[in-house]
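Residue numbers (this note's numbering): 70 to 162.
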Amino acid sequence: MTARRKLLVVAVGVAGALSLLSVADAKGFRRYLSLRQDVDSLQQRNTSLADQNEALRQEIAALRKDPAALERAVREELGYVKPGELVFHLESP
70 MTARRKLLVV
80 AVGVAGALSL
90 LSVADAKGFR
100 RYLSLRQDVD
110 SLQQRNTSLA
120 DQNEALRQEI
130 AALRKDPAAL
140 ERAVREELGY
150 VKPGELVFHL
160 ESP
């Protein structure tokens, strides 16, 4: 067996041992997978929050420009009614 071949066998052996150690160690490959899942989860949450922000921006723009949207918001959120209107509160069981 030549020196080059021996070196290759040793390098493959060391690489295999390090791979096994990385998989077995809690701070190795398993930690990487756990952190990768955390990153994916945070990216999904970030996307969801960006969508919510866009919806709120659109609602703000509508409230600033559209009197009907402003009236709807005041009625829904503050419970305002016009004079002469009757309000019925229905409760579900």
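Ideal Cβ placement from N, Cα and C applies to all residues, glycine included.
Note that this is a predicted model, so its numbers are computed, not measured.
The three-state secondary structure of residue 98, taken from DSSP, is helix. Taking residue 144 as the centre and dropping the five residues before and after it, the same chain places the C-beta of 150 closer than 8 Å to its C-beta, in chain order. In this chain, the alpha helix (DSSP H) harbouring residue 136 covers 136 to 147. The beta-carbon distance between residue 138 and residue 147, rounded to whole angstroms, is 14 Å. This is too long to meet the 8 Å contact definition.
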